[in-house]
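Notes for the one structure printed next.
Numbering (UniProt numbering), first residue to last: 1 to 1068.
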């Protein structure tokens, strides 16, 4: 019997069904097949089920098994299924695009592991995430957006999850609006960031450097890394539920995108906008490369601070200001200057003073004796000098300071030599300083100044220290030959686009920031001294045939070309010599990563070719990203998009804030507070969390620090929350703010909210007869009760509220409204109110309630779908079984349209506000007397007879249910209130709730409790009264808070005395 085979393959159609295996009488072979199917599934989340199956095999392997399957399992026939499935990502026995079966009763508890399995693969196979065929689309209704490509440096963090969640919500909403939607995925090669990580990895794992491998072998290692990390990043995005069109994924080093990069460089170079010049750049002495501003961290120092700097065995001191004197030639006078960098004295070419500073007006044009050479430097006057800072004199070192460089350019001073080389060693300074490390030279210079009697002291000084975020080295401004892009004209057009409302920011306060930055823009250094990246398509052409000739030869010129032949032809024309007499050497440098990223909105569509995709989808509609890369990426996309395509790459820019931890700290790997979204989705123990650090490229010291931080931040690990809860939480924050402090408790709360949706859906399903069929389209039958009309009115108001908020990208307002509707209105009020109807109502009443329940649930699942795609799909599929639309996905269902929701009834809503207040008062009275189980009779009195009749006729059942009362009685006036009732405060001015205590409480016990409460209130009153009297005696004004406190205590005292008078009359 154990070896018998079934004619049909038995497969659990859902995790719920699989979990029932341990309680079912299955044959051993069936259990084994199920175990294999689950084990081979790409979702590694079924460990508990697998353990159950293995346990069942062990328990039953020694005794006969019955070939009987529990009716709880839904068995499907896959007669054509074989073990030779076409997809390794799908369980054997299932067609790769097979939709998850949703039949039977929902499990009693929400389990994200169960709910979020399988659906994404089905969405992909069905093509739900791809735009409809272009020839059938109405172009004006298209919506196109590019995902900011994550760097291939490692896994995604919560910042990426925020971007994905925001964009996916917007994308799914547009798709459900019937628009032709395209959301493009991609990856960025991230030149410096990736190369630094690979170099660390090589040293840690293989004990070698990039130079040991050579450029070609090193790049092979980088490509392996890219493949591994890139695939992992894409899987993270899919696990988040991001509905990207994976058929159009791109990588900035792909052949077609690289072609676009070369084309852009060549066009701009031919036009003269890209040029090569010796200029001051941000230099990392560790990386030996120029770096962009985005790779610089400004470290705030409040005074003397010792820091660990790469290449130094001891910590280096910063945060000090050293003063020394420059003697005035031919006089006994001296000018004292102050600097944070004494070692740069060798590069000083002048001392600047303010032209209106009377202390130095007689010295304008005077010469100063350089303390370490025979050079004499001038005193110049410039308004940039702050007269109040130090002695009002500034030394100028143009080759190592940007401000000094600009001042010296204005005054025509020499800018010709550096005194620090690209390795951070002193050069052109003579003995004994030549070859010293720059920060060692600092101490040596101060010592020498003291010996020369020119030293005037060192003091604490607060300052901003520029540090390379990749190498942790202090940035050194160096004069280098680099490639630059002239941005002036492009920046002007970018500002005009915003001024003319062709391009808008959300929120709009970024307009002024945009104008300020672009109006003060500098030329962009686009070259980097790296191996990983787009090699610059520029060639140094010389007529000298000798291969030993330097590329700095004055006889050569730089030309750009798509290939060597084109470059050779250009060089021949410019040099007016035959091609065979020209030698070409391509620049070994690569382009700044942001250059290729700036082309993304059109390079992904095949530019410079006029492809079908380019004609159909460019320009895009929206750019959504973090505000921290507004200038590094967004501005450059706008500038180059307009320049190279003649169009803005998008017309709206939505900027979100930066994710920080619950304490407001920036998330950083070195801080140990970076969170992988998958760890939130799947949950992870502290032990496993820390084991992830061991496999990282952090050094041992950083790992130990991170482990301590993780133990403090996540002492019990991270609980499993699921993708839907994470997405909903991220969209619930006001992401338009500058920073977003995320808390794990918020994500856990969203998981509880998911469970609330699950439980309510399960309740609705359990209370629907098998014969129930929802109306299509939904319409009022005329039998709806007031509470039915009320929930439809509130639903209508919710849909009308959310629509404009979605259009304005106020997602936090949409999520808050949807949460409020479901919890406060639908679950807490409507579901509770209709339970008696579903239990004891007539057939007609049950049918009416079920129609309303079904319609509310269907509408809500569509409304919540952009935020919770998995949960909404799971419940929507189950709901659609009633309608015979089992192949429809909530992904492409129509989003609730305000025009279709016409049931707003403010009159009923006002009545329900009164009902809720009455119930709240009734519950308050119950709480006052600790009535947790016993139900009492309540009486509602009112001087408004019309209102009283309305409440009596339409809301008696909801009031009884929501107030947990045995009965509800309505009385006109207050004269007929029965003996033994305690009364609430007034509701809606004319109503009052009265709770009968007769038979519910022991008067003696309650009177004792009340006596203690009264005494406590009296003591509080005496205390505040004494304080007020002291104020009056001292002729001081009495604090308003004290007056308010007295009023509140007097009200409480009146209420307690009212209770006492009722209890005294009760029969024991």
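For glycine and all other residues, C-beta sits at the position ideal for the given N, C-alpha and C.
Buried or exposed: residue i, going by 16 or more other Cβ atoms within 10 Å of its Cβ?
i: residue 507; result: exposed
i: residue 143; result: buried
i: residue 393; result: buried
i: residue 209; result: exposed
i: residue 797; result: buried
i: residue 958; result: buried
i: residue 850; result: buried
i: residue 1011; result: exposed
i: residue 618; result: buried
i: residue 894; result: exposed
i: residue 1054; result: exposed
i: residue 994; result: buried
i: residue 206; result: exposed
Compute the Euclidean distance between the alpha carbons of residue i and residue j, then round it to the nearest angstrom.
i: residue 125; j: residue 902; result: 37 Å
i: residue 385; j: residue 353; result: 6 Å
i: residue 931; j: residue 1000; result: 8 Å
i: residue 522; j: residue 495; result: 15 Å
i: residue 720; j: residue 680; result: 6 Å
i: residue 318; j: residue 301; result: 8 Å
i: residue 169; j: residue 891; result: 11 Å
i: residue 769; j: residue 1066; result: 48 Å
i: residue 366; j: residue 289; result: 39 Å
i: residue 814; j: residue 743; result: 20 Å
i: residue 614; j: residue 601; result: 10 Å
i: residue 667; j: residue 221; result: 28 Å
i: residue 411; j: residue 351; result: 12 Å
i: residue 404; j: residue 729; result: 48 Å
i: residue 468; j: residue 194; result: 14 Å
i: residue 260; j: residue 565; result: 19 Å
i: residue 981; j: residue 832; result: 26 Å
i: residue 638; j: residue 651; result: 10 Å
i: residue 361; j: residue 372; result: 26 Å
i: residue 292; j: residue 573; result: 35 Å
i: residue 429; j: residue 375; result: 12 Å
i: residue 120; j: residue 247; result: 15 Å
i: residue 1048; j: residue 935; result: 30 Å
Please state whether the Cβ-Cβ distance between residue i and residue j is less than 8 Å.
i: residue 484; j: residue 226; result: no
i: residue 664; j: residue 709; result: no
i: residue 938; j: residue 968; result: yes
i: residue 439; j: residue 296; result: no
i: residue 304; j: residue 460; result: yes
i: residue 767; j: residue 791; result: no
i: residue 265; j: residue 591; result: yes
i: residue 112; j: residue 722; result: yes
i: residue 250; j: residue 604; result: yes
i: residue 923; j: residue 963; result: yes
i: residue 214; j: residue 869; result: no
i: residue 653; j: residue 503; result: yes
i: residue 149; j: residue 187; result: yes
i: residue 625; j: residue 648; result: no
i: residue 896; j: residue 848; result: no
i: residue 925; j: residue 864; result: no
Does the Cβ of residue i lie closer than 7 Å to at least one heavy atom of the ligand MN?
i: residue 561; result: This structure lacks the ligand MN; in fact it carries no ligand of any kind.
Does residue i get closer than 8 Å to chain B when you measure Cβ to Cβ?
i: residue 571; result: Going by chain labels, chain B is absent from the structure shown, which holds only one protein chain.
Could you check how far apart the C-beta atoms of residue i and residue j are, in whole angstroms? I think they sit under 8 Å.
i: residue 749; j: residue 875; result: Contact doesn't hold; Cβ gap of about 20 Å is too wide.
i: residue 528; j: residue 274; result: The Cβ separation is near 14 Å, so there is no contact.
i: residue 697; j: residue 200; result: 4 Å
Next item on the list: Could you tell me which uninterrupted alpha helix (DSSP H) segments, each at least 4 residues in length, are contained entirely in the region 786 to 828, listed from first to last along the chain?
Entry: Counting only runs that start and end inside the region 786 to 828, the alpha helix (DSSP H) elements of at least 4 residues fall at 786 to 807 and 811 to 820.
Note to self: If we require 3 or more residues per run, which beta strand (DSSP E) segments fall completely within the region 612 to 636?
What the structure shows: DSSP runs (the beta strand (DSSP E)) wholly in the region 612 to 636: 622 to 626.
Checklist line | Every unbroken beta strand (DSSP E) inside the region 656 to 707 [3 residues or more] | finding: Taking only runs of at least 3 residues, the beta strand (DSSP E) segments lying wholly in the region 656 to 707 are 658 to 660.
Notebook entry, point to check: Which whole runs of the alpha helix (DSSP H) in the region 835 to 884 are 4 residues long or more, in chain order?
Noted result: The region 835 to 884 contains, as complete alpha helix (DSSP H) runs of 4+ residues, the segments 843 to 864 and 869 to 880 (chain order).
Next item on the list: Note down, one range per segment and in chain order, each beta strand (DSSP E) of at least 3 residues found wholly within the region 355 to 400.
Entry: Listed in chain order, they are 367 to 369, 376 to 381 and 393 to 396.
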